[in-house]
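K.L.:
Take a look at this one; I'll ask things after.
Numbering (full-length UniProt numbering), first residue to last: 1 to 827.
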């Protein structure tokens, strides 16, 4: 596996923790099963996101921009940011218990990835094409378009109109994409600044004029408006046209959709830019077929929703190429070099203004190689300039499965570990990352990057709202592991705002969420409780709700295991009747029952792990350890130890605990390892002398199948239910009142069964006065005596627990106390 690389924009949040924990559980489980496991850690440079947050921090703390620093100094600042965040993230990963192969750690713009990018471009130069994007303004209008079947304008098609600003003639063209019913039905075409207009211009061989620059100001093509900000130009231009009588009306209530930047909330302008594209037609088809023919499996697949997403997205990308260049400073520089002319300029800036003007490119791994290739191609020395753009972050991370193994070289790692077995990640990046990994891997290595894809849901808070910085409900895993006061949570948010990481609005939302949800702070729960809580959720659901209170409950569960371990150690050391091995012949019904339930638990957990249904595994573990082992069996053994009738108890206790700790090891590694090593040093039977449970084997169903006794389970289950009923009765009764519990049974067979096991009922319910009565009818004297005893005192009342079970036996449980009888009815 490879860890989906966290972005260095910040530190890990619970969404990252979910991915890490799921993968670590799988890695530990497979290691304990004896499988070779490779789990590669890494970080994503996150091009635009990282550059944006560092720019914002720079502006917030030093009041300067990246342009004030220059590319080299600004890039160095980001490297410093990366070093700081990487150290924190690594510490967080280790705190979560992640057993990653740290000697293989990668960063998506290190030298290993550089080689992969250059290699790809070098051998696929013929697949690189140029295209553009753009916004809208009147200076860039090059035609008027109407629908060919619009009778209002059919006589004008082929004629020209005078452009009042550029003072030139532009054609009236017919195009079926024009909507006749929209507005006047006549549309001005501005191909440099509108997606639809650009497509129309391509069909009609129209020129493209760029009139807005990257700073949002007007270009040289705008005459006296050159350098004027776009929105100021809009107002001045409208005033000028109005004075000339060229404005026929203004609609103030016209509604339209504007593209806004999610980071700055500014209006996005489409600008014509020379870009690098990756042709996706053949690659998309191969990725589509990989899932369709069953070579690549996507889970969960019960409703087929993710496979359908896969098909729809790739079907669309057969007709759309992938723009892999970004106008940033942070990231992999495009490995392409343009030829510089004698005037010191290359021609990429005006490529859109002249259809005959083209740029010559050299694709190379380095500048030295580019000069060598250029000399071979042109026969003399030329001046070169590397494209200033960088590669799309998603492009950089798509080569992770094979770049981390040494590709393009035929390394031993590639031969041994490629393709990977499993890719586990969130469903929200199935298409952005997983599909693109498959496309590029099939193209470059001719093999799938992995055999299976396991998708988990999006983590949400207790109210079902996705955790995000903008919502103010993000939780850092260390705040749950170590605990955090309300004041500390707010201080963390304020420091993030002071550093420019949180906006003022995001800060206020975070403070409101903290006040509403964490006014008492977050208790320290430990990494195991966090891991247990997240695994207890169905990760295959589309969304996964998380509540800190679940971690508190998981912490109590871990504490229950700790306390049970102390009891097992104490009883085993003091037991003089202890046998060396667990043999069914030396065990009583209680011992055989808990071993049968242990066999059941091992089978359920293994099946759940195979199906990656971790929540089912956790449910079975809790059912066995909490309710059956701790609440019933441990309590039941206390009477045996007191009475000296404990021949099989201590070994059975040790066996159940030893197996349970190994079962828990992938989920709660800290608790399991610590207890196991301690108990092994104390000489507890069955415990191996190891440094970590990863050195032991995972319990398998076949090892315990001979211990299963379903018929015995059914009988002891009746005692468990009776014990729970007694506990329910005793909920409001003080033991200081020396209560007496009477069990009234209506048939001889069950009467004998409960008499034989009365000591077990006493021990498990912690009530030492439990008479068993045979009641043959409602007129039975025992029945009448029980129901009338002490029933004449003030406040007295008759209290019963009626327990019905499958063999037609009816039980009436009464709790007698001094001058009063308490009850609760249970059916």
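Every residue gets a Cβ at the ideal spot worked out from N, C-alpha and C, and that includes glycine.
Quick caveat, the model's predicted, so the values are computed rather than measured.
Near residue 597, what residues of its chain come up, given a Cβ to Cβ distance below 7 Å and the 5 sequence neighbours on each side ignored?
P.N.:
Only 624, 628 and 713 meet the Cβ criterion.
K.L.:
Taking just the CA atoms, how far does residue 68 sit from residue 9?
P.N.:
Residue 9 and residue 68: Cα-Cα distance of roughly 22 Å.
K.L.:
In its own chain, which residues sit with a C-beta less than 8 Å from the C-beta of residue 101, not counting the 5 before and 5 after it?
P.N.:
Contacts found: 38, 39, 40 and 41.
K.L.:
Output the distance between the C-alpha atoms of residue 333 and residue 274, rounded to the nearest integer angstrom.
P.N.:
About 15 Å.
K.L.:
With a threshold of 16 other CB atoms inside 10 Å of the CB of residue 392, please say whether the residue is buried or exposed.
P.N.:
Answer is buried; the Cβ neighbour count reaches 16.
K.L.:
Alpha carbon to alpha carbon, how far is residue 611 from residue 641? Give it in angstroms, no decimals.
P.N.:
One C-alpha to the other measures close to 41 Å.
K.L.:
Can you give me the C-alpha to C-alpha distance between residue 439 and residue 286, rounded to a whole angstrom?
P.N.:
Approximately 7 Å between the Cα atoms of the pair.
K.L.:
If you draw a straight line from the C-alpha of residue 613 to the C-alpha of residue 720, how long is it?
P.N.:
Approximately 28 Å between the Cα atoms of the pair.
K.L.:
Ignore the nearest five residues each way along the sequence and tell me which others in residue 301's own chain have a CB closer than 8 Å to its CB.
P.N.:
The answer, listed in chain order, is 307.
K.L.:
When you compare only the Cα positions, how much space is there between residue 310 and residue 205?
P.N.:
One C-alpha to the other measures close to 36 Å.
K.L.:
Between residue 19 and residue 426, is the Cβ-Cβ spacing less than 8 Å?
P.N.:
Yes, Cβ-Cβ distance for residue 19 and residue 426 is below 8 Å.
K.L.:
With DSSP as the reference, label residue 1 as helix, strand or coil.
P.N.:
DSSP places residue 1 in coil when its eight states are reduced to three.
K.L.:
For a minimum of 4 consecutive residues, which ranges assigned as the alpha helix (DSSP H) are wholly contained in the region 5-37?
P.N.:
Whole alpha helix (DSSP H) segments, 4+ residues: 14-32.
K.L.:
Could you check what DSSP says for residue 336 in three-state terms: helix, strand or coil?
P.N.:
Strand.
K.L.:
Apart from the five residues just before and just after residue 88, which ones in its own chain have a Cβ nearer than 7 Å to its Cβ?
P.N.:
So the qualifying residues of the chain are 11.
K.L.:
Would you call the region 469-488 and the region 513-527 in contact, with 3 or more CB pairs under 8 Å?
P.N.:
Cβ pair count under 8 Å is three or more, so yes.
K.L.:
Okay, do the region 587-602 and the region 647-661 touch, 3+ Cβ pairs below 8 Å being the bar?
P.N.:
The region 587-602, when compared against the region 647-661, does touch it at the 8 Å Cβ threshold.
K.L.:
DSSP on residue 526, reduced to helix/strand/coil?
P.N.:
It is helical.
K.L.:
Starting from the C-beta of residue 494, find all residues in its chain whose C-beta is less than 8 Å away, skip the five residues before and the five after it, and write them out in chain order.
P.N.:
So the qualifying residues of the chain are 507.
K.L.:
By Cβ distance below 8 Å, which residues in the same chain neighbour residue 428 in space, the five residues on each side in sequence not counted?
P.N.:
The residues are 458.
K.L.:
Which residue's Cα is closest to the Cα of residue 560: 324, 462, 241 and 634?
P.N.:
Here the closest residue by C-alpha is 634.
K.L.:
Got a sec, what are the start and stop residues for the alpha helix (DSSP H) residue 69 sits in?
P.N.:
Taken as a continuous stretch (DSSP letters only), the alpha helix (DSSP H) holding residue 69 covers 66-69.
K.L.:
According to the Cβ coordinates, are residue 450 and residue 431 closer than 8 Å?
P.N.:
No, the pair does not count as a contact, with Cβ atoms beyond the cut-off.
K.L.:
Give me the residue from 199, 441, 637 and 435 with the minimum Cα distance to residue 455.
P.N.:
The shortest C-alpha separation from residue 455 is found at 435.
K.L.:
Skipping 5 residues on each side, what residues in its chain have a beta carbon closer than 6 Å to that of residue 16?
P.N.:
Around residue 16: 6.
K.L.:
With DSSP as the reference, label residue 135 as helix, strand or coil.
P.N.:
Because residue 135 carries a pLDDT of 33, less than 50, the predicted location of this residue cannot be relied on, and no value is offered for it.
K.L.:
Mind the definition here: the region 699-715 touches the region 597-606 only if three or more C-beta pairs lie below 8 Å; say whether that holds.
P.N.:
The region 699-715 vs the region 597-606: in contact.
K.L.:
Can residue 684 and residue 572 be called in contact, C-beta distance under 8 Å?
P.N.:
Yes, Cβ-Cβ distance for residue 684 and residue 572 is below 8 Å.
K.L.:
What are the boundary residues of the beta strand (DSSP E) that residue 174 is part of?
P.N.:
Residues 168-174.
K.L.:
Mind listing, in chain order, the continuous beta strand (DSSP E) runs of no fewer than 3 residues lying wholly within the region 74-117?
P.N.:
Complete beta strand (DSSP E) runs here, min 3: none at all.
K.L.:
Could you round the C-beta distance between residue 694 and residue 672 to whole angstroms and report it? I think they count as a contact, below 8 Å.
P.N.:
Contact doesn't hold; Cβ gap of about 10 Å is too wide.
K.L.:
When burial is assigned at 16 or more other CB atoms within 10 Å of the CB, is residue 337 buried or exposed?
P.N.:
It counts as buried.
K.L.:
Going by beta carbon distance, what residues of the same chain come within less than 7 Å of residue 197, once the five residues before and after it are set aside?
P.N.:
Result list for residue 197: 189, 190 and 191, in chain order.
K.L.:
How far does the beta strand (DSSP E) with residue 423 in it reach, from first residue to last?
P.N.:
420-426 is the extent of the beta strand (DSSP E) around residue 423.
K.L.:
Give me the DSSP bridge partner(s) of residue 493.
P.N.:
Residue 493 pairs with nothing; no bridge assigned.
K.L.:
Shortest alpha-carbon distance to residue 746 belongs to which of 753, 758, 722 and 775?
P.N.:
Out of 753, 758, 722 and 775, 775 has the C-alpha closest to the C-alpha of residue 746.
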